[in-house]
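Everything below concerns the one structure shown next.
Residue numbers (the UniProt record's numbering), protein chains in the order written: chain C, 1 to 467; chain B, 1 to 467.
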């Protein structure tokens, strides 16, 4: 650990963390030991200084059989902020163990978006009970949020925001904010609305602070604003925040009226999730969360493995067409997986790049042809290089120049096909409005496997190499 | 397109965008047609209403041979904000075509972090020229930033921030902000420092707005703060912003003094990059940007393909040990890739989940053993399911129950080994301080290929199935 980090850690109030902000295993063990000993007071004392995000981590890191005891020992520390930070699966299990009144108490102290995140995964029955236990205002806000589709802006937004008319002066705004105690506390921009509550401008708080009291809001605000329709998918919301470097944004209903606000701190975990899920989707690991129940992970993954099994049968069928050839020269059996495997890898590389470029809106109709040309160039260079290496190695090892030539030609062919498939498959899926990360690798792998075996065994057979 | 989106688009000042905020291909073509016709005025008129992020996209979407002409037609629109939004590769090529004075003019109007992003990729020679053309203050700030390691907090931070002493009142702060014209304009929090310029607290602007003028800053600010050491890696900075839902954070030097500020809008693209790069790294596609020059992509990918070739040779060697067995029953050659391929897929699933959990700090020493047990359970369930399906299918198709039994047992074994390797390999690499995303798949694929062939051919041979 460098000196700077030591310095910083000593200034941060949590010595329980390692240099990567993770709870130290010794600390987690100390808390769990206290829980096992039935010493709730010690467990509580240890956990109390932690940041809500770290309390959430502590619960996640505890083995699932210990979580109930841990949570009951530190019950008063588990507030809405902690639940909002918690992994979905762990939170869901925890919320299930609480009574409706307890959940309602927690939901009441939260912004709408965080309250909704806790309630939306509950059974309809339990949900209704929690809603009944809430006061009418909170209840209406949460019911409205739940009426929007899952993963939409309507679920993400909070209703707590500051909206003022255009004719107010900066001084009016300051007085309004100072006098009204039950306004939102954490906000970064103020929205300016017309009499029908449609947003006409946005004003960063720093501009208000730097402007004399007499200036009117209409003169301080920025008229260009990025508005979020309430039914927009959260992935689109995240891309919009990223593209325009937003801190917060107004959410509008179909009539253009301001109904809520989304802030960037609610977006960062979506940006991270959406960007990170491609690696999981490409591998067929579904949601791929280590806290997901084993049986759900099994269901998600086995479906993919069985699909993969079907595509592997296609490749096996191709091989079986050449059984006579293999019989005559069994070395082909040992060499053929090389052609298929390296081709598969080349296809996966191109596919990963293409899927990422699609996800970040870098690859659009304007540059698709160029991207394909680019991948073909790279595939030709890769193909020639790998073909020379494997062709020479096989030729020398087997003292058989023709065999070297055949594997070189097959490898060249397969890497070329892999490059083409790696870009055409995801782009086509994207045009068909399917998620390219979900299905691409099945098609690409099937192509590179089948074409690898076909090219190698076909060339071996056709070239008169055998018999 | 839904009604809400139509509504929103008509309120956003850019009808040139499709529903995903991407520039419409027709619009890009119209601009390029104008450039081809030599009609700079038309191109300029089309591009002028665009947001800087969209001007950057326009340049990226233009074919590289048209970029020079496009950029010269809209030269006065290409300001620092546009360059800051531009893809690294495209920007680098563009900046190379500018004179040192032009670059210096652009850098002078930017915050330090954006200026550094433009200058850091230049040759040392060109860099020196640009620095000479800057005024002494800007020059000193940029030189200092460049003295920190690449991808560290020191490169990301801006020096423009608001820091005030603890004894100032809210009124003092308001007066200071209103009177001093050359202070930072975009900031979201104010840092409170002691006389040696060490941060003692942070104050969100919304709290200042809601507090009477007479209250002292020491009473408004929050004393718990998350400080960023200046040499911290940007990936750690991004995780810290995400974990603690930060909007901005103070950056401190090794003596604990405030030297800069990082804001969340500079972090969101890093969060997205770091989360998205795992899919690229796992596939061996390196940086994997569609704007990277072909020759660089080739170099990055071919290295991986050649490594993959070596590991494929290991698998080929194992197969060649069983050439006698295959000769006697050539159906084995057609079936063996199924065992290796589906095993490889199971390994990739587990690996993707593990790498993601490590990257998000969800998997630590505290729960490693539990994660391994979890993956073993899933592997057993997957293995049994796939083994039953393939065993039955092969047994029936070949009218050969023993062959079905052998492939079922081999499949079971390989999926089990795949699950184990998929979690143990990345965790081990992580413990050894290597990036698990970079090297895991080489080891995992080698294991599942080799073990797949060994298990299937070995069992076929040992069981007396053949001859």
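Note that CB positions come from ideal geometry on N, CA and C, so glycine has one too.
Predicted, not measured: the structure shown is a model, and the values here were computed from it.
Beta-carbon proximity of residue i to residue j, cut-off 8 Å
i                      : j                      : result
residue 209 of chain B : residue 177 of chain C : yes
residue 156 of chain B : residue 237 of chain B : yes
residue 450 of chain B : residue 318 of chain B : yes
residue 56 of chain B  : residue 82 of chain B  : yes
residue 382 of chain C : residue 305 of chain B : yes
residue 207 of chain B : residue 247 of chain C : no
residue 58 of chain B  : residue 90 of chain B  : no
residue 268 of chain C : residue 154 of chain C : no
residue 427 of chain C : residue 368 of chain C : yes
residue 252 of chain B : residue 294 of chain C : no
residue 134 of chain C : residue 104 of chain C : yes
For residue i, the nearest candidate out of the options (CA to CA)
i                      : options                       : result
residue 389 of chain C : B:309, B:118, B:449 and B:170 : B:309
residue 376 of chain C : C:233, C:351, C:254 and C:437 : C:351
residue 183 of chain B : C:211, C:180, C:330 and C:200 : C:211
residue 45 of chain C  : C:270, C:74 and C:374         : C:74
residue 33 of chain B  : B:57, B:194, B:63 and B:21    : B:63
residue 40 of chain B  : B:371, B:101, B:174 and B:76  : B:76
residue 424 of chain B : B:319, B:355, B:361 and B:438 : B:355
residue 265 of chain C : C:25, C:256, C:275 and C:242  : C:242
residue 384 of chain C : C:394, C:400 and C:416        : C:416
residue 262 of chain C : C:128, C:292, C:274 and C:227 : C:227
residue 114 of chain B : B:26, B:293, B:125 and B:84   : B:84
residue 138 of chain C : C:108, C:102, C:193 and C:172 : C:108
residue 163 of chain B : B:299, B:125, B:217 and B:457 : B:217
residue 255 of chain B : B:224, B:201, B:311 and B:197 : B:197
residue 312 of chain C : C:441, C:70, C:371 and C:168  : C:441
Rounded separation between residue i and residue j - CA only
i                      : j                      : result
residue 170 of chain C : residue 165 of chain B : 25 Å
residue 5 of chain B   : residue 364 of chain C : The predicted position of residue 5 of chain B is uncertain, since its pLDDT is 39 and thus under 50; a value taken from the coordinates is nonetheless stated next. Taking the straight line joining both Cα atoms gives about 20 Å.
residue 455 of chain C : residue 314 of chain C : 14 Å
residue 143 of chain B : residue 131 of chain B : 8 Å
residue 279 of chain B : residue 284 of chain C : 12 Å
residue 328 of chain C : residue 358 of chain B : 49 Å
residue 174 of chain B : residue 214 of chain B : 11 Å
residue 447 of chain B : residue 419 of chain B : 11 Å
residue 336 of chain C : residue 452 of chain C : 7 Å
residue 204 of chain B : residue 191 of chain B : 9 Å
residue 404 of chain B : residue 334 of chain C : 22 Å
residue 408 of chain C : residue 459 of chain C : 10 Å
residue 297 of chain B : residue 140 of chain B : 36 Å
residue 462 of chain B : residue 43 of chain C  : 56 Å
residue 443 of chain B : residue 341 of chain C : 14 Å
residue 37 of chain C  : residue 68 of chain C  : 14 Å
residue 492 of chain C : residue 88 of chain C  : Residue 492 of chain C lies beyond the stretch modelled for chain C, which goes from 1 to 467, so this question has no answer here.
residue 121 of chain B : residue 92 of chain B  : 7 Å
residue 275 of chain B : residue 234 of chain B : 12 Å
residue 466 of chain C : residue 332 of chain C : 10 Å
residue 65 of chain C  : residue 346 of chain B : 28 Å
residue 410 of chain C : residue 47 of chain B  : 48 Å
residue 7 of chain B   : residue 339 of chain C : For residue 7 of chain B, the pLDDT reaches just 39, beneath the cut-off of 50, and the residue's location in the model is therefore unreliable, although a value from the coordinates is still provided. Approximately 53 Å between the Cα atoms of the pair.
residue 12 of chain C  : residue 21 of chain C  : Bear in mind that a pLDDT of 43 at residue 12 of chain C, under 50, signals an unreliable position, so the model cannot answer this.
*asked:* To be precise: take each residue of the segment 197 to 224 of chain B, compare its Cβ to all Cβ atoms of chain C, and keep it if any distance is under 8 Å. Which residues remain?
replied: 204, 205, 206, 207, 208, 209, 210, 211, 212 and 224
*Give the residues from the segment 264 to 292 of chain C that approach chain B closer than 7 Å (Cβ to any Cβ), ordered along the chain.*
264, 265, 268, 269, 271, 272, 275, 276, 278, 279, 280, 282, 283, 284, 285, 288 and 290
*Taking a cut of 9 Å between CB atoms, which residues from the segment 306 to 317 of chain C lie near chain B?*
306, 308, 309, 311, 312, 313, 315, 316 and 317
*What residues from the segment 412 to 442 of chain C come within 7 Å of chain B, judged by C-beta to C-beta, listed N to C?*
none
*Which of the residues in the segment 149 to 179 of chain B, read from start to end, lie with their CB under 9 Å from any CB of chain C?*
162, 173, 174, 177 and 178
*asked:* List, from N- to C-terminal side, the beta strand (DSSP E) runs of 3 residues or more that fit wholly inside the segment 173 to 211 of chain B.
replied: 189 to 193 and 199 to 204
*Using Cβ-Cβ distances below 8 Å, what residues of the segment 341 to 353 of chain B are close to chain C?*
341, 342, 345, 346, 348, 349, 350, 351, 352 and 353
*asked:* List, from N- to C-terminal side, the beta strand (DSSP E) runs of 3 residues or more that fit wholly inside the UniProt domain "CBS" (221 to 277) of chain B.
replied: 248 to 252 and 258 to 263
_To be precise: take each residue of the segment 373 to 384 of chain C, compare its Cβ to all Cβ atoms of chain B, and keep it if any distance is under 8 Å. Which residues remain?_
374, 377, 378, 381 and 382
*Below 7 Å between beta carbons is the criterion; list the residues of the segment 28 to 52 of chain B that meet it against any residue of chain C, in chain order.*
28 and 51
*Listed from N- to C-terminal order along the chain, which residues in the segment 59 to 83 of chain C have their beta-carbon within a distance smaller than 9 Å of any beta-carbon of chain B?*
60, 61, 62, 63 and 64
_Contact set between the segment 230 to 244 of chain C and chain B, restricted to residues whose Cβ is under 9 Å from the partner_ = 230, 231, 232, 236, 238, 239, 240, 241, 242, 243 and 244
_Tell me which residues of the segment 102 to 117 of chain C have at least one Cβ-Cβ distance to chain B shorter than 7 Å, keeping chain order._
none
*Contact set between the segment 184 to 195 of chain C and chain B, restricted to residues whose Cβ is under 7 Å from the partner*: 185, 186, 187 and 188
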